[in-house]
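Peer 1:
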Amino acid sequence: MPQSIPATLIPGDGIGPEIVDATVAVLAALGAPFQWDTQVAGLDGVKTAGDPLPPKTIDSIKRTRLALKGPLETPSGGGYRSSNVRLREQFKLYANLRPARTLIPGGRFDNIDLVVVRENLEGLYIGHEHYIQIDDDPHAVAMATGINTRQGSRRLLEFAFEHAVATGRKKVTIVHKANIMKALTGIFLETGLELYERKYQGRFALDTVIIDACAMKLVLDPWQFDVLVTTNLFGDILSDLVAGLVGGLGMTPGANIGADAAIFEAVHGSAPDIAGKGLANPIALMLAAAMMLEHCHLPHMAARLRTAIEQTLNVDKARTGDLGGHTSTAEFTRALIKRIADG
Ligand code: NAI
Numbered sequence: 000m001p002q003s004i005p006a007t008l009i010p011g012d013g014i015g016p017e018i019v020d021a022t023v024a025v026l027a028a029l030g031a032p033f034q035w036d037t038q039v040a041g042l043d044g045v046k047t048a049g050d051p052l053p054p055k056t057i058d059s060i061k062r063t064r065l066a067l068k069g070p071l072e073t074p075s076g077g078g079y080r081s082s083n084v085r086l087r088e089q090f091k092l093y094a095n096l097r098p099a100r101t102l103i104p105g106g107r108f109d110n111i112d113l114v115v116v117r118e119n120l121e122g123l124y125i126g127h128e129h130y131i132q133i134d135d136d137p138h139a140v141a142m143a144t145g146i147n148t149r150q151g152s153r154r155l156l157e158f159a160f161e162h163a164v165a166t167g168r169k170k171v172t173i174v175h176k177a178n179i180m181k182a183l184t185g186i187f188l189e190t191g192l193e194l195y196e197r198k199y200q201g202r203f204a205l206d207t208v209i210i211d212a213c214a215m216k217l218v219l220d221p222w223q224f225d226v227l228v229t230t231n232l233f234g235d236i237l238s239d240l241v242a243g244l245v246g247g248l249g250m251t252p253g254a255n256i257g258a259d260a261a262i263f264e265a266v267h268g269s270a271p272d273i274a275g276k277g278l279a280n281p282i283a284l285m286l287a288a289a290m291m292l293e294h295c296h297l298p299h300m301a302a303r304l305r306t307a308i309e310q311t312l313n314v315d316k317a318r319t320g321d322l323g324g325h326t327s328t329a330e331f332t333r334a335l336i337k338r339i340a341d342g
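What follows is the structure, encoded as structure tokens:
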């Protein structure tokens, strides 16, 4: 095991500091060798450094190429751009990886084990939008341009295919809308089919599905899917859909993987309604930490963490309010650390 792995830690806003503290304590109990460099961003960045993404924070991630971050709020006034979008662009975080796995049995959908791989930098989210004025209506026409490139599609699809091989997945489904957006999502589909044929045939099964049919199939029979790979907008929607299948955003981690860094986070936001009350569910960020351990080639530690989370939830029945329980963030974390120590 490496002696120490430098990593940037961003507590973030709202419940961020609470769930980050809990996650750092759990990682310490596991003996994870992260050497944290704590930096600010979001509202916290504006308050303490006058910038939602201060240069010191960017420099830290440039150095460590690895970060665990709490949710960030974008200040509404002042013309600030989202720190999350800036991080994505700055570090070319082209792949967003969102696994969704059932942790509490007996829910509406049992035994879910899916991964959504979303392209994070291109498509309809590039922000090329404008209005055209007609007569006295300045917003008479709204226009948006989407851009998908062969190179951007290929690098994301390659990431998804490699992930499927490395994690022993049986099937990858390319989700598209090439029947209508023939160029914009057709290029993604075409690139995926070509890449599979050239390099991955026989290593897993490949399937393709149109986004609207995919949404219906995910609700009727999610078990038919394994890995879903898709463009930015569709991926954004589908990853929340699959989070809903396993109990909501409090249970869903996300990884943003790029050419220059990897940033791990919970999928949910800063939950201002419960911030500072000790009620937050820290599991999503802890599962993000498990992904970070895997990224750092520490899969056994990641497996220990996941097992301990499942035992704390299902054997100790320690559950926060969003899961119908009464356990506080601190009590859950203590129970989890005990499970790690006993395990
Ligand atoms: P949110 O995810 O913060 O909250 C939605 C609902 O889920 C709230 O009722 C909240 O209490 C609950 N919730 C969320 N996480 C929870 C947890 N771990 N435990 C228990 N309950 C939890 O979404 P919202 O309210 O739309 O966004 C709040 C702020 O967060 C906004 O400023 C938004 O821009 C930011 N945000 C940041 C993200 C990031 O940094 N990755 C992602 C999403 C939102």
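Its first residue numbered 0, the sequence shown is counted upward by one per residue in numbering that gives the first Met the number 0. The beta-carbon is built from N, C-alpha and C at its ideal position, and this holds for glycine as well.
Would you say the beta carbon of Asn255 is closer than 7 Å to some non-hydrogen atom of the ligand NAI?
Peer 2: Stepping through the sequence shown from its first residue, residue 255 is reached at position 256. Flag unset: Cβ of Asn255 not near the ligand NAI.
Peer 1: Could you say which of Thr184, Arg153, Val114, Val19 lies nearest to Ile146 if we only look at CA atoms?
Peer 2: What you label residue 146 is simply residue 147 of the sequence shown in a count that begins at 1. Checking every option, the nearest Cα to that of Ile146 belongs to Thr184.
Peer 1: Where do the ends of the beta strand (DSSP E) carrying Leu8 lie?
Peer 2: In the sequence shown, the residue the question calls residue 8 occupies position 9. First-last of the beta strand (DSSP E) with Leu8: 4 to 9.
Peer 1: Keeping to the same chain, check which residues put their C-beta closer than 8 Å to that of Ile336; ignore five residues upstream and five downstream.
Peer 2: The residue labelled residue 336 in the question sits at position 337 within the sequence shown. Around Ile336: Ala24, Val25, Ala28.
Peer 1: Along the chain, which unbroken stretches of the beta strand (DSSP E) at least 3 residues long are found entirely within the segment 173 to 211?
Peer 2: Complete beta strand (DSSP E) runs here, min 3: 204 to 209.
Peer 1: Since I believe Gly69 is in contact with Pro16 (beta carbons under 8 Å), could you give me their beta-carbon distance rounded to a whole number of angstroms?
Peer 2: Translated into the one-based positions of the sequence shown, residue 16 becomes position 17. Translated into the one-based positions of the sequence shown, residue 69 becomes position 70. Sure, about 7 Å apart at Cβ, within 8 Å.
Peer 1: So does the segment 113 to 126 actually touch the segment 96 to 103, counting three or more Cβ pairs closer than 8 Å?
Peer 2: Output reads yes: the segment 96 to 103 touches the segment 113 to 126.
Peer 1: Near Pro5, which residues of its chain fall below 6 Å by C-beta distance, leaving aside the five closest residues on each side in sequence?
Peer 2: Taking the sequence shown and counting its residues from 1, one reaches residue 5 at position 6. Counting only Cβ-Cβ distances below 6 Å, and skipping sequence neighbours, we find Gln34, Thr63.
Peer 1: Give the range of the alpha helix (DSSP H) segment to which Met285 is assigned.
Peer 2: Taking the sequence shown and counting its residues from 1, one reaches residue 285 at position 286. That run of the alpha helix (DSSP H) goes 282 to 294.
Peer 1: Which runs of the alpha helix (DSSP H) spanning at least 4 residues fall entirely within the segment 294 to 340, listed in chain order?
Peer 2: Qualifying alpha helix (DSSP H) stretches, in chain order: 298 to 313.
Peer 1: How many angstroms separate the CA atom of Thr73 from the CA atom of Leu42?
Peer 2: For the purposes of this step, residue 73 is taken as the residue at position 74 of the sequence shown. For the purposes of this step, residue 42 is taken as the residue at position 43 of the sequence shown. When rounded, the distance between both Cα atoms is 6 Å.
Peer 1: Consider the C-beta atom of Asn231 and the heavy atoms of the ligand NAI; say whether any pair is separated by less than 7 Å.
Peer 2: Residue 231 sits at position 232 when you count from the first residue of the sequence shown. Asn231 Cβ: outside cutoff for every heavy atom of the ligand NAI.
Peer 1: Tell me whether Glu264 is buried or exposed, calling it buried when 16 or more other Cβ atoms sit within 10 Å of its Cβ.
Peer 2: Numbered from its first residue, the sequence shown carries residue 264 at position 265. Buried is the call here.
Peer 1: Closer than 7 Å: is that where the CB of Ala279 sits relative to any heavy atom of the ligand NAI?
Peer 2: Within the sequence shown, numbered from 1, the residue matching residue 279 stands at position 280. Ala279: yes, Cβ under 7 Å from the ligand NAI.
Peer 1: Tell me, to the nearest whole angstrom, how far the beta carbon of Leu65 is from that of Thr7; I am working on the premise that it is less than 8 Å.
Peer 2: Residue mapping note: residue 65 aligns to position 66 of the sequence shown, counting from 1. Residue mapping note: residue 7 aligns to position 8 of the sequence shown, counting from 1. The pair is a contact, with the Cβ atoms about 7 Å apart (cut-off 8 Å).
Peer 1: Going by beta carbon distance, what residues of the same chain come within less than 6 Å of Glu118, once the five residues before and after it are set aside?
Peer 2: Walking along the sequence shown from the start, residue 118 turns up at place 119. The residues are Leu155, Thr230, Asn231.
Peer 1: Return yes when the C-beta of Pro70 is under 7 Å from any heavy atom of the ligand NAI, and no when it is not.
Peer 2: Residue 70 sits at position 71 when you count from the first residue of the sequence shown. Because some heavy atom of the ligand NAI lies under 7 Å away, the Cβ of Pro70 counts as near it: yes.
Peer 1: How many angstroms separate the CA atom of Tyr195 from the CA atom of Asp12?
Peer 2: Counting from one through the sequence shown, the residue named residue 195 turns up at place 196. Counting from one through the sequence shown, the residue named residue 12 turns up at place 13. Each residue's Cα considered, the two are about 41 Å apart.
Peer 1: Mapping DSSP to helix, strand and coil, what is Glu264?
Peer 2: Sequence index remark: in the sequence shown, residue 264 carries index 265 (1-based). In this structure, Glu264 counts as strand in the three-state DSSP scheme.
Peer 1: DSSP three-state label for Ala48, please.
Peer 2: The residue you call residue 48 lines up with position 49 of the sequence shown. Looking at Ala48 - three-state DSSP - the assignment turns out to be helix.
Peer 1: For the segment 76 to 154, which segments carrying the beta strand (DSSP E) assignment without a break, of at least 3 residues, lie completely within its bounds, in sequence order?
Peer 2: List check, beta strand (DSSP E) in window: 94 to 100, 112 to 118, 122 to 133, 136 to 146.
Peer 1: Report all residues from its chain with a CB closer than 7 Å to the CB of Ala143; omit the five preceding and five following residues, and keep chain order.
Peer 2: In the sequence shown, residue 143 corresponds to position 144, counting from 1. Result list for Ala143: Leu123, His127, Glu128, in chain order.
Peer 1: Taking Ile256 as part of the beta strand (DSSP E), name the residues at either end of that continuous run.
Peer 2: Translated into positions along the sequence shown, residue 256 becomes position 257. Per DSSP, Ile256 belongs to the beta strand (DSSP E) from 252 to 256.
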